[in-house]
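To start, the structure itself, in structure tokens.
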């Protein structure tokens, strides 16, 4: 997925795989999304790195466009449909990413609080989609 600059922008080969999948599930509105490739790359970058929206690299900005698109699509269930479509078409399992949790610590106040709404589930789904995008890019390279 990366072109070497570390921002997580899609290569042409990777975007050729992702674009038809995204176009199939994205909601049709009056105006199409502006620069969808860069916006999706910003969303994947943010969820892959666990950063705040405002920390998105300058090449992928404006940050608010990515945040707005993520929230809107989360409420409409687009991320769930995209994950199902990718799994069906690419034959990839959800458990492809492994994480060693021995060094991960959370603040004691973070324990047991349930996140509400579609954003919590969509955030996890986008993390999986970002991992799949990286895996696809590494296969094509």
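In my numbering, the protein residues as written are 58 to 198. Backbone N, C-alpha and C fix where the C-beta goes; we use that ideal spot for every residue, glycine too.
- According to the DSSP assignment, residue 115 belongs to no alpha helix (DSSP H), since it is labelled neither H nor E.
- Counting C-beta pairs with one atom in each stretch, the segment 108 to 119 and the segment 80 to 90 have fewer than three that are closer than 8 Å, which means they do not touch.
- Burial state of residue 188 is buried, judged by a 10 Å Cβ sphere holding 16 or more other Cβ atoms.
- With contacts defined by Cβ atoms closer than 8 Å, residue 84 and residue 133 form a contacting pair.
- Leaving aside the five residues that flank residue 130 on each side, the residues in its chain whose CB is nearer than 8 Å to its CB run, in chain order, 83, 84, 136 and 179.
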